[in-house]
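Quick notes on the structure that follows.
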Amino acid sequence: MAHLIVYFSHEGQNWVNGEVKDLPKGNTERAAEIIRDAVGGDMFRVEAKEPYPADYQALIARTKEELDEGRRPPLRIAPPSLEPYDLIFVGYPNWWNTLPMPMVTFLTLAETAGKRLAAFCTNEGGSMGMGEREMRRFCPGAQVLEGLAVKGAEVEKEAARLSAWARKIAGIQG
């Protein structure tokens, strides 16, 4: 079974434990690495063609505007062929209680019909939000499996839980 870990992550200023902190690596990227280490597979980073600002206030202004307008930003790299993969882990930070718009762009461009999708989400209190529901909407014909939400500030502490969840979803014993 071939696995792909697709993720969108934001380094720079992020909301962490009630304050803005500068992160050299985004929490979702770190969660994606933990999943890859647990189950193997390839990784694909979803990136908007126009990079997001590192400044937190500018970031939230842009992301809110994109969401409110339903704007799907073009991607820096087109989605890869999903043909070789039977299981795709889809990782994202919970922005505005849903998927970041670059992930929506990815999901609407990628050929997900007939694929199994498992969402993992980092957040600072919003849990999965509407992400799984939105994945079902944007990925007709795909099977959306049980997802996992972890608090972004606690990704490292949650490594064992992330790994166990990914192994369970992938059908790997132990």
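What the sequence shown shows, in this note's numbering, is residues 1225 to 1398, in sequence order. In this text, a Cβ means the ideal position worked out from N, Cα and C, and glycines have one as well.
Beta strand (DSSP E) runs contained entirely in the segment 1298 to 1374, provided each spans 3 or more residues: Taking only runs of at least 3 residues, the beta strand (DSSP E) segments lying wholly in the segment 1298 to 1374 are 1311 to 1317, 1340 to 1347.
message: I'd like to know if the segment 1248 to 1266 and the segment 1355 to 1371 are in contact, where contact means that at least 3 CB-CB pairs between them fall below 8 Å.
response: Counting Cβ pairs under 8 Å, fewer than three are found: no touch.
field: Length at least 3, wholly inside the segment 1228 to 1285: the beta strand (DSSP E) runs in chain order
entry: Those beta strand (DSSP E) runs which fall completely within the segment 1228 to 1285 and span 3+ residues are 1236 to 1240, 1243 to 1247, 1266 to 1269.
message: Would you call the segment 1335 to 1355 in contact with the segment 1291 to 1302, where contact means no fewer than 3 C-beta pairs closer than 8 Å?
response: Touching, no.
- prompt: With 16 other CB atoms within 10 Å as the buried threshold, where does residue 1233 fall?
  reply: The C-beta of residue 1233 has 16 or more other C-beta atoms within 10 Å across all chains shown, which makes the residue buried.
- prompt: Where do the ends of the alpha helix (DSSP H) carrying residue 1396 lie?
  reply: Residue 1396 -> no alpha helix (DSSP H), and no H or E assigned at all.
- prompt: What distance in whole Å lies between the Cβ atoms of residue 1348 and residue 1239, which are believed to be in contact at a cut-off of 8 Å?
  reply: Separation of the CB atoms of residue 1239 and residue 1348 is rounded to 5 Å, and the pair is thereby assigned contact status at 8 Å.
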